[in-house]
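These notes concern the structure reproduced below.
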Amino acid sequence: MKVTLRAEKWVNNGFSLGYLNGDTYFITGAIPGELVECDPVSITKKFKQVKVVSILEPSTERISSDCDIFLLCGGCSFRHISYTSEIEIKKNLFLNEFNHKFPESKLDFNFIQIIQGNDLHYRNNVQFKIQDNKKGFFKVGSNDLVEFPKSGCLNLPDEINYYIKKINTETKKEGKLRLTDSVTDYSENDSLFILGDKKVKVPKNGFFQINRYLIESWLEEIIQFLPADNLDILELFSGSGLISLFIASKCKSLTGYELESGAVYYAKENAKENNMPNLEFHTKNLYLEKISVKHMNRPLWIMNPPRNGLGNLILEQIKIYKPEHIIYSSCNYISLIQDLKKIMSDYSVKKATIADFFPRTPYFETLILLEKN
Ligand SMILES: C[S@@+](CC[C@H](N)C(=O)[O-])C[C@H]1O[C@@H](n2cnc3c(N)ncnc32)[C@H](O)[C@@H]1O
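Under our numbering, think of the first position of the sequence shown as 156, with each following residue one higher.
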C-alpha cells in the first residue's frame, strides 16, 4: 500500500526518515524536506522500508538520476542529489554519530578531511548475477534480478561493462570480475595490481580495495597519520599486505595478522617481490585467537577490519596493552564508533579523514588516528 510521507532527515544506509501514525519509515530516493509518495519495500513491525515512486513537493537539491535502474537495483542511494551534497551528507552522518556518542570530545566539521575522486566508473571489481540469460544485480531484499542498463553500470569502468556484455550466460549463475591491466574472473584467477612502484598480488577471491582512483591517496593519508618514523608496528586484518607495503619504508618492522591463509601467503610473497624484509605476516582468526604478547606491546597498531568491526577479543587486548597510537580505517562508521565507545576513555582522536571509496552508495571509508591520553 502506498504511503505519503514528508522526508525529515538523513540517516545511515542512504535512508531519510518519515513519520506516519506513530510509525517511522526508512525512505530511499527522497531528500529531507520533500513530500513523497512511496511503495513498500519491506514492512515489518520493527522496520518499515519504502521507496519513492512519485515526488509531490521536490527539493531544490534534486537532480535527475543518470541511471535507469536507480532505486530498483539497490546498489546506489544518492543518484538524485549532486556529488557535492552527498559528500556533505556523509561527513555529517559520521560527525553527528560521533558527537552524539562522545559529547565530551566533540569533533568540528572542519576537523574532518575529505578524500574524494571521480564519482563515476570507480569500482575495480563487481559481483553480479545471471538469471534466464540476463545479467544484473538482485533487487533490494529479493532474488529477482534487475538487468544492467544497456550502457552498463555507471559505477563500473568501461572495460568491465564491455566484458559483462560478452559473457556467455548459459554456463554461469554469477560473475566475479576485477580490473587490473585487463579484466579477469577473480573467482578463478589471482590478480596483480601495480600501484606506483609497488606490485601487489592478491589471491583468487581475495580482498582488494575497490576504488581504483583513491587507493593511493588513502595509503598516502595513512602514511601522514604515522605518529613517527621507524616504529615497530602491529597490523591487524592485513589482507595481502597492501597497507604494509606502502608503509614499509617508514617503519622499523611490521607484523601483520590476517584470517585468509591465501592472502597471508601473498602478503609474504609481496614483501619479497618488493624487497621489504622488515615485514612479516601470520594467519590468525582475530575474533577467536589471541596474538603473541611481544606483538601486542607494539606502540602503533594499524587496523582495517571488515564491516563488523574489531570484535571483543581485540577490544579487550587494546584495553590491556594500550598502544600509544592506533590507526583505524573502517568502511562502516557505525561499527567504528561502536568500537571506539569501548576504548575512548583511554584515547583522543588526533586526525580523521573520510575517503569516499563508494560514491553514490551509502558507504564510505573513515580513517582515524587515536593517541593514548
Ligand atoms: C577491509 S579488509 C582489509 C585488508 C587490507 N588492509 C587491505 O587494504 O587490503 C579486511 C580483512 O580482514 C580479514 N578478516 C576478516 N575476518 C577476519 C578475522 N576473523 N580474523 C582476521 N582477519 C579477518 C579479511 O580476510 C580481509 O582481508
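Beta carbons are placed, not taken as given, at the ideal position from N, Cα and C, and that holds for glycine.
task: Have a look at D336, L311, C193, Q286 and flag the residue whose alpha-carbon is nearest the alpha-carbon of D274.
output: Taking each of D336, L311, C193, Q286 in turn and checking the Cα distance to D274, the smallest one comes out for L311.
query: First and last residue of the beta strand (DSSP E) that includes L175?
result: Boundaries of the beta strand (DSSP E) harbouring L175: 171-175, taken from the DSSP string.
query: What residues match up with S503 in a beta bridge as DSSP calls it?
result: Paired residues: E526.
query: Do G364 and F512 have their C-beta atoms within less than 8 Å of each other?
result: For the sequence presented, residue 364 should be read as Gln rather than Gly. Going by C-beta atoms, Q364 is nearer than 8 Å to F512.
field: Separation of I198 from L409, as counted between CA atoms
entry: Each residue's CA atom was taken as its position, placing L409 and I198 some 48 Å apart.
- request: Confirm the yes/no value for this check: CB of Q364, any heavy atom of ligand 1, distance under 7 Å.
  value: Indeed, a heavy atom of ligand 1 lies less than 7 Å from the Cβ.
- request: Give me the Cα-Cα distance between F225 and E479, rounded to the nearest whole angstrom.
  value: So the two alpha carbons sit approximately 45 Å from each other.
field: The beta strand (DSSP E) enclosing K203, as first and last residue numbers
entry: Here the beta strand (DSSP E) through K203 covers 203-212.
- request: Report the option in F233, Y317, E390, L334 whose CA atom is closest to the CA atom of I349.
  value: Looking from the CA of I349, the closest CA among F233, Y317, E390, L334 belongs to L334.
query: Do you know offhand how far L227's Cα is from L190's?
result: Taking the straight line from one Cα to the other gives about 20 Å.
- request: List the whole-angstrom C-beta distance separating T508 from Q282, where the pair is believed to meet the contact cut-off of C-beta under 8 Å.
  value: Not confirmed; about 27 Å, so no contact.
field: Same chain, Cβ closer than 7 Å to K405, neighbours up to 5 away in sequence not counted
entry: Here the set comprises I378, L381, D384.
message: Just to confirm before moving on: does the CB-CB distance between N463 and S485 stay below 8 Å?
response: No, the pair does not count as a contact, with Cβ atoms beyond the cut-off.
- prompt: Is it a yes or a no for the segment 410-420 touching the segment 434-451, going by three-plus beta-carbon pairs under 8 Å?
  reply: Cβ pair count under 8 Å is three or more, so yes.
- request: Compute the Euclidean distance between the alpha carbons of K294 and V301, then round it to the nearest angstrom.
  value: V301 has its alpha-carbon roughly 6 Å from the corresponding atom of K294.
task: Measure how close the beta-carbons of E428 and K320 come, nearest whole angstrom, since I'm counting them as under 8 Å.
output: Not confirmed; about 34 Å, so no contact.
message: Less than 8 Å between the beta carbons of S232 and G169, yes or no?
response: Cβ atoms of S232 and G169: closer than 8 Å.
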